[in-house]
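Structure, as structure tokens:
2 protein chains.
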Amino acid sequence: MPSERQVGHTMLCLTPSGFSEHRRAIRLCQDQFENLEKHTQWGIDFVERYTKFVKERSEIELNYAKQIRNLSKKYQPKKNAKEEEESKYTWCRAFFTSLNELNDYAGQHELIAENMTSQIIAELTRYIQDLKSERKTHFQDGRKAQQHIENSWKQLEQCKRNFERACKEADRAQQYFEKMDADYNVTKADVEKARQQAQLRHQMASDCKSEYSNYLQKFNQEQTEHYHTLIPNIFQKIQDMEERRIERVGESMKTFAEVDRQILPIVGKCLDGMTKAAEGIEPKTDSAQVVESYKSGFEPPGDVEFEDYGQAMKRTVSETSLTNSRSESKPDKSSKGKKLFFFKKNKLSLKLVSMCLK
Amino acid sequence: MPSERQVGHTMLCLTPSGFSEHRRAIRLCQDQFENLEKHTQWGIDFVERYTKFVKERSEIELNYAKQIRNLSKKYQPKKNAKEEEESKYTWCRAFFTSLNELNDYAGQHELIAENMTSQIIAELTRYIQDLKSERKTHFQDGRKAQQHIENSWKQLEQCKRNFERACKEADRAQQYFEKMDADYNVTKADVEKARQQAQLRHQMASDCKSEYSNYLQKFNQEQTEHYHTLIPNIFQKIQDMEERRIERVGESMKTFAEVDRQILPIVGKCLDGMTKAAEGIEPKTDSAQVVESYKSGFEPPGDVEFEDYGQAMKRTVSETSLTNSRSESKPDKSSKGKKLFFFKKNKLSLKLVSMCLK
């Protein structure tokens, strides 16, 4: 077998083992970064999605509060004479009090929306920006480190190739010198020239070897730092960032419930106000008000008196006409002690009577 | 002055006093009925308006519940592979638990709507029908009683007019008889005829008088019953009806608050469920899960070995090619005790690695 092919075979044999371990490490590291990039992006997407969720909840609360407020407003007494009339009755007042409590009730749901906006949505929106920027930094650092070790590797490969080529050339020069040295037909000067050439090549290979050796040492230091310090540190930072994100999400979820829980006692008070208002209704008082409003000063008529036209037959008509008829037409007051429910007498009622009779 | 005019004057004088008292009583009674009709109609209108109010509130609750349910559903995990992936993480599980609690929360507001519908709207709708029918009965009874006393009065007036006319005719017959009796030119037969006529008229007037007297007694009994029993009873029934209506309104208002109050403890439990879910979030566990998911079986590469091509210079290449290069390319395992965070070794990860390298 020619030595040329053997050298070629040696190179193929020497290079792949270190090369494949390096490539596999770089590749797996890259995969890890890609996985973490996907995972952390999913985390950010979740925080954005969660923020959107809270925003939608907040809008539902606002909408609910608005509808409750409108309902309360719609049934409030109209600002006119009727209002005064209505506020006389305990059941009307109770209803209007209920409506006011309902309005406060709506206010509490507005508060949910406000607190969710300020304590969750605004906070998370700011936080997402910070998170995105922090995440970007970590992956940029990762890419930079990967790029750096890749470049170092390429430079090491170059040094190795230089050394290999120099060895081959020194080997070839050595063989040439040995061939010249063994040939009786070659001049001493040519032998000396070949010897010097072999010596020079040997020196060059030796220089390449120390350059390669130095660079190898430097590369191994860098590689150790890369895989044992730099990359683990970046991964750790990403892990810390992820843990802080999860904590933050947990806090927002707690706030979400807390903001809602805070209104419960106030809502309870609004409901108590409604119950109290309803309990303040007095049917007897209200019906007495109706009597007061509609009473007339009128008392039931007494018995109708007998009008005796027969007397005229006994006397001249002129004698009886005015005296008798007037006294007879006076109603008998004796039977009028009992008052009719809606017939009470006082100044107001007399006024009402006169109004009624106009 | 002629007696004709005097009689006429007497009539004008006798009639109005009883007449006006009767008319005023009838009129005022009518006014009372009209006022009460208006007032009770207003009361019924209120109950209808209140029922509409509760219906609108109930619709707002249903709408709110629907929106909350949709929100919960919208953010639930999609039924696919990702769901299983997501449920690995405590923060995902916490969010899904929160969504389920929110769904229950919505259910409580549906319950408000349901209870308002069954306990207030349905009840009041039935009640309004009863109330309308009861009210109609009372005012029909009132109109009937008023009509009856009015008819009795008219009949009494008729009896009185009959008696009055009979008296006038008896008076006229008496005067005619007296004139005939005093006239020397008139035959005894004519005087006798006039006397008999006067006697007949007197008898007729006497009959009318007792008819009038009897009817007057009957009327006065009826009038007393009308104003002291019938009408006050009807008014009392209307008043009772009104008081029951007000009580009923009060009860509905209490139920309105109660139905809402009943859900507060359950809503509180839903919120506690959300808080508990959020408290169950474990950032460390979650990040450990991420490590588990993305770990590869790979360990950081060891130092790259020096490849001494220079040896070839000393020996024949074929001697060194395979033996040295193979042993030299083996990485030094001594420095690999420390594990990189994302580089753990196990079956799963080896599988992942092989997938990554394909």
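The listed protein sequences correspond, in order, to chains R and G. All letters in the first sequence, in the order written, are residues 1 to 358 by the UniProt record's numbering. All letters in the second sequence, in the order written, are residues 1 to 358 by the UniProt record's numbering. Ideal Cβ placement from N, Cα and C applies to all residues, glycine included. Model, not experiment: these values are computed from the prediction.
Measuring alpha carbon to alpha carbon, tell me which residue in G:M274, G:K209 and G:V186 is nearest R:F306.
Locating residue 306 of chain R in the first sequence gives position 306, counting from the first residue. Residue G:K209 is the option with its Cα nearest to R:F306.
Would you give the residue range spanned by the alpha helix (DSSP H) that R:E114 belongs to?
Mapped onto the first sequence, residue 114 of chain R falls at position 114. T90 to M116 is the extent of the alpha helix (DSSP H) around R:E114.
Tell me the DSSP secondary structure of G:M295 in three-state form.
Numbered from 1 along the second sequence, position 295 holds the residue referred to as residue 295 of chain G. Met is not the amino acid found at residue 295 of chain G; the sequence shown has Lys there. Coil, per DSSP.
Do R:G43 and G:I281 have their CB atoms nearer than 8 angstroms?
Numbered from its first residue, the first sequence carries residue 43 of chain R at position 43. Numbered from its first residue, the second sequence carries residue 281 of chain G at position 281. Not closer than 8 angstroms, so no.
Can you check whether the C-beta of G:I246 is within less than 8 angstroms of a C-beta belonging to chain R?
Locating residue 246 of chain G in the second sequence gives position 246, counting from the first residue. Output row for G:I246: interface = yes.
With 8 angstroms set as the bound, which would you pick, yes or no: does the beta-carbon of R:A25 sit closer than that to a beta-carbon of chain G?
Walking along the first sequence from the start, residue 25 of chain R turns up at place 25. Closer than 8 angstroms to some Cβ of chain G, the Cβ of R:A25 qualifies, so yes.
For G:F44, does the three-state DSSP call read helix, strand or coil?
In the second sequence, counting from the first residue as 1, residue 44 of chain G sits at position 44. Residue identity differs from the one stated: residue 44 of chain G is Ile in this sequence, not Phe. Helix, per DSSP.
Taking G:K237 as the query, report the chain R residues whose CB atoms sit under 7 angstroms from its CB, ordered along the chain.
Your numbering for residue 237 of chain G matches position 237 in the second sequence. Those within 7 angstroms of G:K237 in chain R number zero; the least Cβ separation is about 11 angstroms.
Exposed or buried, which one is G:E192 when buried takes at least 16 other CB atoms within 10 Å?
As a first step, residue 192 of chain G is located in the second sequence; it is residue number 192 there, counting from the start. When all chains shown are included, G:E192 counts as exposed.
Under 9 angstroms between beta-carbons, which chain G residues line up against R:F53? List them in chain order, please.
Here residue 53 of chain R is taken as the residue at index 53 of the first sequence, counted from 1. Under the 9 angstroms cutoff, chain G gives L71, K74, Y75, F95 and L99.
So, using beta-carbon positions, are R:I238 and R:C29 closer together than 8 angstroms?
Here residue 238 of chain R is taken as the residue at index 238 of the first sequence, counted from 1. Here residue 29 of chain R is taken as the residue at index 29 of the first sequence, counted from 1. Their beta carbons are not under 8 angstroms apart, which means R:I238 does not touch R:C29 by this criterion.
Should G:P265 go down as buried or exposed, given a rule of 16 or more other Cβ atoms within 10 Å for buried?
The count along the second sequence starts at 1 and reaches residue 265 of chain G at position 265. By the 10 Å Cβ count, G:P265 comes out exposed.
If you run the structure through DSSP and keep just helix, strand and coil, what is G:N187?
Mapped onto the second sequence, residue 187 of chain G falls at position 187. As written in the sequence, residue 187 of chain G is Thr, which differs from the Asn given in the question. In this structure, G:T187 counts as coil in the three-state DSSP scheme.
What residue range is occupied by the uninterrupted alpha helix (DSSP H) comprising G:F256?
Looking up residue 256 of chain G in the second sequence gives position 256. Looking at the DSSP string, the run of the alpha helix (DSSP H) that includes G:F256 is I231 to E279.
If you draw a straight line from the C-alpha of G:S72 to the C-alpha of G:N100, how long is it?
Translated into the one-based positions of the second sequence, residue 72 of chain G becomes position 72. Translated into the one-based positions of the second sequence, residue 100 of chain G becomes position 100. Near 7 angstroms, if we compare the C-alpha coordinates of G:N100 and G:S72.
Could you tell me the alpha carbon to alpha carbon distance between R:R172 and R:W153, rounded to whole angstroms?
Walking along the first sequence from the start, residue 172 of chain R turns up at place 172. Walking along the first sequence from the start, residue 153 of chain R turns up at place 153. Going by the C-alpha atoms only, they are around 28 angstroms apart.
When burial is assigned at 16 or more other CB atoms within 10 Å of the CB, is R:R126 buried or exposed?
As a position in the first sequence, residue 126 of chain R is number 126, starting the count at 1. The residue is exposed, with fewer than 16 neighbouring Cβ atoms inside 10 Å.
Going by beta carbon distance, what residues of the same chain come within less than 6 angstroms of G:N115, once the five residues before and after it are set aside?
By one-based count along the second sequence, residue 115 of chain G stands at place 115. Hits under 6 angstroms: V259.
For G:G268, go through chain R and note every residue whose CB falls closer than 9 angstroms to its CB, in chain order.
For the purposes of this step, residue 268 of chain G is taken as residue 268 along the second sequence, with counting starting at 1. Here the neighbours are R261 and L264.
Kindly say whether G:F306, judged by its beta-carbon, lies nearer than 8 angstroms to any beta-carbon of chain R.
For the purposes of this step, residue 306 of chain G is identified with residue 306 of the second sequence, where counting begins at 1. Yes, G:F306 lies at the interface with chain R (some Cβ there is under 8 angstroms from its Cβ).
With distances taken between CB atoms, is the gap from G:F163 to R:Y294 smaller than 8 angstroms?
Taking the first residue of the second sequence as 1, we reach residue 163 of chain G at position 163. Taking the first residue of the first sequence as 1, we reach residue 294 of chain R at position 294. No. Outside cutoff.
Excluding the five sequence neighbours on either side, which residues of its own chain have a C-beta within less than 7 angstroms of the C-beta of G:L36, listed in chain order?
Along the second sequence, one-based indexing puts residue 36 of chain G at 36. Cβ neighbours of G:L36 beyond the five flanking positions: I238.
Pick out whichever of G:A194, G:K168 and G:Q140 has its Cα sitting closest to the Cα of G:M180.
As a first step, residue 180 of chain G must be located in the second sequence, where it is residue number 180. If we check each option's Cα against that of G:M180, G:A194 comes out closest.
For G:T320 and G:E86, I'd like the C-alpha separation in whole angstroms.
To locate residue 320 of chain G, count along the second sequence from 1; it is residue 320. To locate residue 86 of chain G, count along the second sequence from 1; it is residue 86. Note on G:T320: pLDDT 31, under 50, position unreliable in the model; no value is reported.
Kindly list the residues whose CB is nearer than 8 angstroms to the CB of G:S327, restricted to its own chain and excluding five residues on each side of it in sequence; keep chain order.
Your numbering for residue 327 of chain G matches position 327 in the second sequence. Bear in mind that a pLDDT of 35 at G:S327, under 50, signals an unreliable position, so the model cannot answer this.
Could you list which residues in chain G have their beta carbon closer than 8 angstroms to that of R:S213, in chain order?
Working through the first sequence from its first residue, we reach residue 213 of chain R at position 213. What R:S213 touches in chain G: F306.
Return yes when the Cβ of G:L102 is within less than 8 angstroms of the Cβ of G:I263, no when it is not.
As a first step, residue 263 of chain G must be located in the second sequence, where it is residue number 263. As a first step, residue 102 of chain G must be located in the second sequence, where it is residue number 102. It is not a contact, given that the beta carbons lie outside the stated cut-off.
Which bits of chain G does R:R57 rub up against, with CB to CB less than 7 angstroms?
On the first sequence, residue 57 of chain R is found 57 positions in, with the first residue counted as 1. L71, listed in chain order.
Grab me the residues of G:S20's own chain with a C-beta within less than 7 angstroms of its C-beta, minus the 5 sequence neighbours each way, in chain order.
Indexing the second sequence from 1 puts residue 20 of chain G at position 20. Hits under 7 angstroms: none found.
Shorter than 8 angstroms from the beta carbon of R:V249 to some beta carbon of chain G?
Residue 249 of chain R sits at position 249 when you count from the first residue of the first sequence. By this cut-off, R:V249 is an interface position.
Find the residues of chain R that neighbour G:I60, judging by a C-beta separation of less than 8 angstroms, and give them in chain order.
Counting from 1 along the second sequence, the entry for residue 60 of chain G is found at position 60. Chain R residues near G:I60: Y64, Q67, I68 and L71.
Excluding the five sequence neighbours on either side, which residues of its own chain have a C-beta within less than 7 angstroms of the C-beta of residue 386 of chain G, listed in chain order?
One cannot answer for residue 386 of chain G here, as it falls past the ends of chain G, which runs 1 to 358.
At least one CB of chain R closer than 8 angstroms to the CB of G:Q32: is that the case?
The residue you call residue 32 of chain G lines up with position 32 of the second sequence. So, interface residue.
What would DSSP say about R:P283, mapped onto helix, strand or coil?
Translated into positions along the first sequence, residue 283 of chain R becomes position 283. It is helical.
Going along chain G in order, which residues have a C-beta closer than 8 angstroms to the C-beta of R:I281?
Position 281 of the first sequence, counted from the first residue, corresponds to residue 281 of chain R. What R:I281 touches in chain G: I246, E247, V249, G250 and M253.
Could you tell me whether the Cβ of G:V290 comes closer than 8 angstroms to any Cβ of chain R?
Position 290 of the second sequence, counted from the first residue, corresponds to residue 290 of chain G. Yes, its Cβ sits closer than 8 angstroms to a Cβ of chain R.
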